[in-house]
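To convert, take the position in the sequence shown, counting from 1, and add 601; that gives the working numbering.
Yeah, the Cβ is synthetic: ideal placement off N, Cα and C, and Gly gets one too.
Report on one structure; see the data block that follows.
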Amino acid sequence: MEKLIFAVVMIFQVSNNQVIGTATGFFYEFENKTYLITNRHVLEYSFNSKDPKIYLKLHTDKNNLSKLKTVEVPLLENSQLTWFSFSDADVAAIPIPENLTQGAIVNYFSKKNFPPKDIQLEIGSELIALGYPRGFTDNINMTPIAKTCIISTPLNTPFENKPFFIMDGNLMPGMSGSPIILRPSSTHNVKGGIAFSSEPVSYFLGIHSASISKKIGEKEEPIYKVENGEIKISGFKTVPIKENLGLQTCWYNAIIENLLEKTSGKK
């Protein structure tokens with residue numbers, strides 16, 4: 602579990618040399634290449650300048666987590682996007698050149714971290730999201746925060762025919778792009794019984810994207826304008842009233858493999 606500290610990073614969204622937001626991403630290995638995985642909306646939000654980019658802080662000493670290096674990741678090169686995504690899934694991948702992580706301690710998720718096919722995960726199974734809620738972290742050591750969730754809908758039944766399932770948990774802005782893992786355990790339910798391991802094992806289930814709210818009503822808000830040096834109400838607009846349900850989306854882990862296979866020319 603401690604190794605995941607070096608797989609998850611805070612993403613700094615920058616415009617005109619000002620940090621305009623933060624999010625979460627994680628490193629993923631595919632065919633011996635390194636990718637940064639996050640949400641599509643995280644990268645789209647960073648397109649606020651002619652030279653869109655994000656920044657990461659990477660650890661350089663596993664024995665002293667306060668030692669960090671800052672790396673710049675361009676989102677546009679020669680007028681071409683440097684990242685890939687599907688139009689119908691809020692998941693994106695950015696190839697990370699070796700020179701960017703040179704001298705850094707970097708660990709990876711990969712297909713090897715997917716749950717075995719015989720493992721049985723049910724509604725109520727405990728999960729962990731690793732990320733940076735509202736940009737919160739140990740600002741000296743930049744380690745991700747672990748927050749707990751549970752599976753809320755049948756894992757193998759795509760919610761409304763979309764490739765994600767629903768979790769219950771108190772996740773917040775800034776955790777977009779967080780990896781979702783099964784809570785580490787030495788025992789797991791499998792078909793036909795229980796599997797035991799000598800040490801706690803966890804599995805990578807997917808990537809968090811958004812909190813779910815439900816419209817519960819509407820309200821009128823004034824529209825202001827300046828008239829003869831005075832602030833006056835020029836009219837009213839109707840805005841929805843939404844209630845956060847405490848439910849979260851988790852896009853399936855297989856989307857990442859499908860995306861990288863497609864971009865590598867396999868599909």
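Item                                                                                                                                                                                  : Value
Please work out which residues of its chain come closer than 8 Å, Cβ to Cβ, to G704, disregarding the five sequence neighbours upstream and downstream, and give them in chain order. : T661, K670
Report buried or exposed for F627, applying the criterion of at least 16 other Cβ atoms within 10 angstroms of its Cβ.                                                                : buried
Does DSSP put T702 in a helix, in a strand, or in coil?                                                                                                                               : helix
Check whether the Cβ of T702 sits closer than 7 Å to any heavy atom of the ligand PLP, and report yes or no.                                                                          : Looking at this structure, you won't find the ligand PLP or any other ligand, since it has none at all.
In the DSSP assignment, find the unbroken alpha helix (DSSP H) run with C754 in it and report its ends.                                                                               : Residue identity differs from the one stated: residue 754 is Thr in this sequence, not Cys. That residue, T754, is in no alpha helix (DSSP H); it is neither H nor E in DSSP.
Here's the rule I'm using: 16 or more other beta-carbon atoms within 10 Å means buried, otherwise exposed. How should M832 be labelled?                                               : Residue identity differs from the one stated: residue 832 is Ile in this sequence, not Met. Its Cβ having fewer than 16 others within 10 Å, I832 is exposed.
Which whole runs of the alpha helix (DSSP H) in the segment 671 to 758 are 4 residues long or more, in chain order?                                                                   : 699 to 702
Hey, would you say T639 sits closer than 8 Å to G778, going by beta carbons?                                                                                                          : yes
Is S711 closer than 8 Å to Y804 when the C-beta atoms are compared?                                                                                                                   : no
Select from K663, S753, N757, T623 the residue whose C-alpha is nearest the C-alpha of T738.                                                                                          : T623
In angstroms with no decimal places, state the Cα-to-Cα distance between N700 and Y825.                                                                                               : 51 Å
Kindly indicate the opening and closing residues of the alpha helix (DSSP H) around T864.                                                                                             : 855 to 864
Apart from the five residues on each side of it in sequence, which residues of its chain come closer than 8 Å, Cβ to Cβ, to T635?                                                     : F628, Y629, P696, I697, E699, T702, V707, Y709
Taking the beta carbon of N714 as the centre, do at least 16 other beta carbons fall within 10 Å, making it buried, or is it exposed?                                                 : buried
Use the C-beta contact count for Q681: other C-beta atoms within 10 angstroms, 16 or more gives buried, fewer gives exposed.                                                          : exposed
Can you give me the C-alpha to C-alpha distance between C750 and M768, rounded to a whole angstrom?                                                                                   : 6 Å
Answer with buried or exposed for Q849, where buried requires no fewer than 16 other C-beta atoms within 10 angstroms of its C-beta.                                                  : buried
With the cut-off set at 8 Å, would you say I842 and I813 are in Cβ contact?                                                                                                           : no
Under DSSP, the beta strand (DSSP E) around E822 begins and ends at which residues?                                                                                                   : 805 to 828
What three-state label does DSSP hand E800 in the structure shown?                                                                                                                    : strand
Assign F765 to buried or exposed, taking buried as 16 or more other Cβ atoms, counted over all protein chains shown, within 10 Å of its Cβ.                                           : buried
Who are the near neighbours of I795 in its chain, counting only those whose CB is closer than 8 Å to its CB and skipping five residues on each side?                                  : T788, H789
Can you grab the Cα-Cα spacing for the pair F760 / N649, in whole Å?                                                                                                                  : 32 Å
Answer yes or no: do L637 and L731 have a C-beta to C-beta separation smaller than 8 Å?                                                                                               : no
Going by C-alpha to C-alpha distance, which of R641, C851, I808 sits closest to A687?                                                                                                 : Per the sequence shown, residue 687 should be read as Phe rather than Ala. Ranking the options by Cα distance to F687, first place goes to R641.
With L659 as the anchor, note down where its beta strand (DSSP E) starts and where it stops.                                                                                          : 654 to 660
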